[in-house]
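Working notes, beginning with the structure itself.
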Amino acid sequence: MIWAKEETLPRAEIEDIQLDKLKETVRYIYGKSAPYRKKMDEAGVKPDDINSLTDLQKLPFTYKADFRDNYPMGLFAVDKKELVRFHASSGTTGKPTVVGYTKKDLDVWLNNVARIACMGGATPDDVAQIAFGYGTFTGALGLHGGLEMLGASVIPMSSGNTKKQIMFMQDMGTTLLVATPSYALHLGEEIRARGIDPSRDLKVHIGLFGGEGMTEPMRDEMHKVWGEQFLCTQNYGMSELCGPGVAGECESLCGMHVNEDWFIPEVIDPETGEVLPPGEHGELVVTCLGKEALPLVRYRTGDLTRLMYEPCACGRTTVRMENLSGRSDDMLVIRGVNVFPTQIEEVLLQVPEIGPHYEIVVERKNRLDVMTITVELIDDRLLDSYSKLSELEQRIKKGLKAQLGLATQIKLVAPYSLQRFEGKAKRVTDLRKDGL
Ligand SMILES: [Zn+2]
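If you count the sequence shown from 1, position 274 lands on 1715 in my numbering, and the numbers rise without skipping.
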């Protein structure tokens, strides 16, 4: 099911819509937002200079730091009384990023979420259990509102409380689960540990995942716990842009369709800021179109991906962004080598004897970076065999060396000994201090 006709327009028509809305958006921010006007004046660009989509490149970037510098509402373009909702994302340090919505913004947002829910196979018949943590986080209320708009029935469960999650799944006949991929995997394991086979005993057959990326091997793990028929897709968004609803995977599972009549994606070289040709890998930059409360132009997301314009089997014509290969700020530099946690995950998930949960610790010993990866064994009987354990350890090290070009330390631990996360998994700890 395709939610909106805008998802299937010929390229030229999508671009016409984008250009009209872009001109309007730039006039709007120049008139209504002092920080933007200042930035545009400094860059020597006026609203009238925007006459084509490539003119977008004349506009300055917006950064996460702009939110910090204008905390809490300095980037807002409307009066407080026009707002109907606030959300905030937890900052890693200090103050959160506060975002706001007018009535129209909320309507556009939830319609966009309805679109991505449809992309992932949701229908009005679904019973959707939201296992994202509620609160100021945009994920829970975003999917909640979007699924209601679609006509599904929503169970606002929030994260945690596995026993209650399972009870509702059984008693209410939940068909669709909304969660972070790591929590969905954890929940699936817990369900199996209670002797329940999700594919046989439950009706859950759709997973709409977000909040963190899902690699292909992770999707395979998901099928192992939730069953082969489980259709799990991921979707993309961030609170600064609106929340979820920016892009989502369709049932063809070949990247995430961007809701292009509301968002213009660009991919840039994160070092030079230059826009890269279609298909090249780089940092995703997003311009929001038609947003009233918190317009956002050329926002540096920090997420690494590429854009694919080839037609998709699902019938949508919107550009697809490849599943994220990491965040530019997740990148670890280890002995001069760039390492993304997703690269490590891909190697680990191909080793049958170990589970999908892992932890990476980077420290500096004798002036050298040392990366230790702790992984769980699936069968703890392996711990009794030194030779098998040692063979496994060597095999993982070899795989990582081939992928990363780096030597790593591997620690194999008993099943279920690593921490599980109800929200975004924290897998990396960097203990290096500058200057040592
Ligand atoms: Zn598609």
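Note that CB positions come from ideal geometry on N, CA and C, so glycine has one too.
When the options are compared against residue i, the one with the closest alpha-carbon
i: residue 1849; options: 1812, 1830, 1866, 1611; result: 1812
i: residue 1836; options: 1574, 1588, 1822, 1788; result: 1788
i: residue 1686; options: 1607, 1701, 1602, 1695; result: 1701
i: residue 1630; options: 1488, 1514, 1819; result: 1819
i: residue 1474; options: 1464, 1517, 1501, 1842; result: 1517
i: residue 1601; options: 1465, 1679, 1864, 1588; result: 1864
i: residue 1741; options: 1453, 1442, 1449, 1500; result: 1500
i: residue 1493; options: 1459, 1507, 1506; result: 1459
i: residue 1786; options: 1832, 1833, 1844; result: 1844
i: residue 1846; options: 1487, 1618, 1746, 1776; result: 1776
8 angstroms Cβ cutoff met for residue i and residue j
i: residue 1719; j: residue 1765; result: no
i: residue 1571; j: residue 1595; result: yes
i: residue 1385; j: residue 1599; result: With the chain covering only 1442 through 1877, there is no way to say anything about residue 1385.
i: residue 1547; j: residue 1526; result: yes
i: residue 1727; j: residue 1711; result: no
i: residue 1815; j: residue 1794; result: no
i: residue 1442; j: residue 1559; result: yes
i: residue 1585; j: residue 1616; result: no
i: residue 1703; j: residue 1555; result: no
i: residue 1743; j: residue 1768; result: yes
i: residue 1824; j: residue 1855; result: yes
Exposed unless 16 or more other CB atoms sit within 10 angstroms - verdict on residue i
i: residue 1624; result: buried
i: residue 1495; result: exposed
i: residue 1635; result: exposed
i: residue 1752; result: exposed
i: residue 1866; result: buried
i: residue 1614; result: exposed
i: residue 1817; result: buried
i: residue 1562; result: buried
i: residue 1831; result: exposed
i: residue 1533; result: At residue 1533, the pLDDT of 49 sits below 50, so the modelled position is not reliable and the matter cannot be decided from this model.
i: residue 1674; result: buried
i: residue 1528; result: buried
i: residue 1857; result: exposed
i: residue 1626; result: buried
Opening and closing residue of the beta strand (DSSP E) in which residue i lies
i: residue 1530; result: 1524 to 1530
i: residue 1835; result: Per DSSP, residue 1835 belongs to no beta strand (DSSP E); it is in the alpha helix (DSSP H), 1827 to 1845.
i: residue 1706; result: 1704 to 1709
i: residue 1442; result: No beta strand (DSSP E) contains residue 1442, which DSSP labels as neither H nor E.
i: residue 1805; result: 1795 to 1806
i: residue 1741; result: 1740 to 1746
Delimiting residues of the alpha helix (DSSP H) encompassing residue i
i: residue 1609; result: 1603 to 1613
i: residue 1467; result: 1452 to 1473
i: residue 1584; result: 1579 to 1591
i: residue 1627; result: 1622 to 1634
i: residue 1640; result: 1639 to 1642
i: residue 1505; result: 1505 to 1510
i: residue 1785; result: 1782 to 1789
i: residue 1551; result: 1544 to 1560
i: residue 1597; result: Where residue 1597 is concerned, there is no enclosing alpha helix (DSSP H), given that its DSSP letter is neither H nor E.
**Report entry** Meets three-Cβ-pair contact criterion under 8 angstroms: the stretch 1751 to 1770 and the stretch 1684 to 1702
**Finding:** yes
Query raised in the report: When the Cβ atoms of the stretch 1464 to 1478 are set against those of the stretch 1733 to 1741, are three or more pairs found closer than 8 angstroms?
Result: The stretch 1464 to 1478 vs the stretch 1733 to 1741: in contact.
Requested in this report: State whether the stretch 1608 to 1615 contacts the stretch 1647 to 1654, with contact taken as three or more CB pairs (one from each stretch) at a distance under 8 angstroms.
Outcome: no
Query raised in the report: Does the pairing of the stretch 1496 to 1513 with the stretch 1538 to 1545 give three or more beta-carbon distances under 8 angstroms?
Result: yes
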